[in-house]
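Using this note's numbering, you'd call the opening residue of the sequence shown number 3 and step up by one each time. Step one of this worksheet: look at the structure below.
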Amino acid sequence: MMNIFKVEEIEFKITLIAILIIFSIPVFSSLYSLVTNPEHSIANFVTIVIFLSICRGLFFLKKYALPFAQIIIFFCVFAAIVGVINPFVAGDMMAQGIEPPPAWKLLLSVSPYVAVCLWFLHILGKYKSKFC
């Protein structure tokens with residue numbers, strides 16, 4: 003029996019679609035903010051242009067979009083870890099009389115997000131030869 007689709011191509015296409023969906027979230031958020039709050043229109047417009055150009059580049063497999071996507075995903079991983087393990091959040095919780103949870107519980111809550119981001123980075127690195 004002949005296999006029509008290669009498993010690697012399906013893995014790449016599904017991951018690329020997921021990345022495009024995730025990168026479109028800031029675009030829709032900025033569009034909504036642009037309509038409801040026109041005071042910050044320049045920042046929203048810049049966000050829309052940057053993320054749409056990265057999405058377009060990833061969709062058409064352009065080489066310029068790959069490092070930008072990797073930088074944004076690295077930043078998301080860094081921001082998630084630093085944002086969760088933050089002494090200011092623990093200080094705010096203690097000021098409210100709440101005992102802050104241990105660091106391992108905080109890391110455990112962020113680990114699925116970090117794992118998905120690292121999977122995206124792995125796939126983008128694995129198939130970087132497809133980008134021209």
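The beta carbon of each residue, even a glycine, is placed where N, CA and C say it ideally should be.
Here's the rule I'm using: 16 or more other beta-carbon atoms within 10 Å means buried, otherwise exposed. How should residue i be labelled?
| i | result |
| --- | --- |
| ALA71 | buried |
| CYS134 | exposed |
| ILE75 | buried |
| LEU110 | exposed |
| SER43 | exposed |
| PHE61 | exposed |
| PHE47 | exposed |
| PHE90 | exposed |
| SER32 | buried |
| ALA67 | buried |
| GLY127 | exposed |
So, under 8 angstroms CB-CB, residue i and residue j are touching, yes? Tell me the CB distance rounded to an integer number of Å.
| i | j | result |
| --- | --- | --- |
| PHE135 | THR17 | Here the chain comprises residues numbered 3 to 134, so residue 135 is not present and cannot be evaluated. |
| VAL132 | LEU63 | A quick correction: the sequence has Lys, not Val, at residue 132. Contact holds; Cβ gap of about 6 angstroms. |
| ALA82 | VAL112 | 5 angstroms |
| LEU108 | ILE87 | 6 angstroms |
| PRO102 | ALA92 | 4 angstroms |
Starting from the Cα of residue i, find the closest Cα among the options and give me that residue.
| i | options | result |
| --- | --- | --- |
| CYS78 | ILE87, ASN39, CYS119 | CYS119 |
| ALA117 | ALA92, PHE80, VAL91 | PHE80 |
| LEU22 | GLU11, ILE52, CYS57, ILE12 | CYS57 |
| VAL29 | ASP94, PRO104, TRP106, PHE53 | PHE53 |
What runs of the alpha helix (DSSP H), each 4 residues or longer, lie entirely inside the region 48-128?
67-86, 89-97, 105-128
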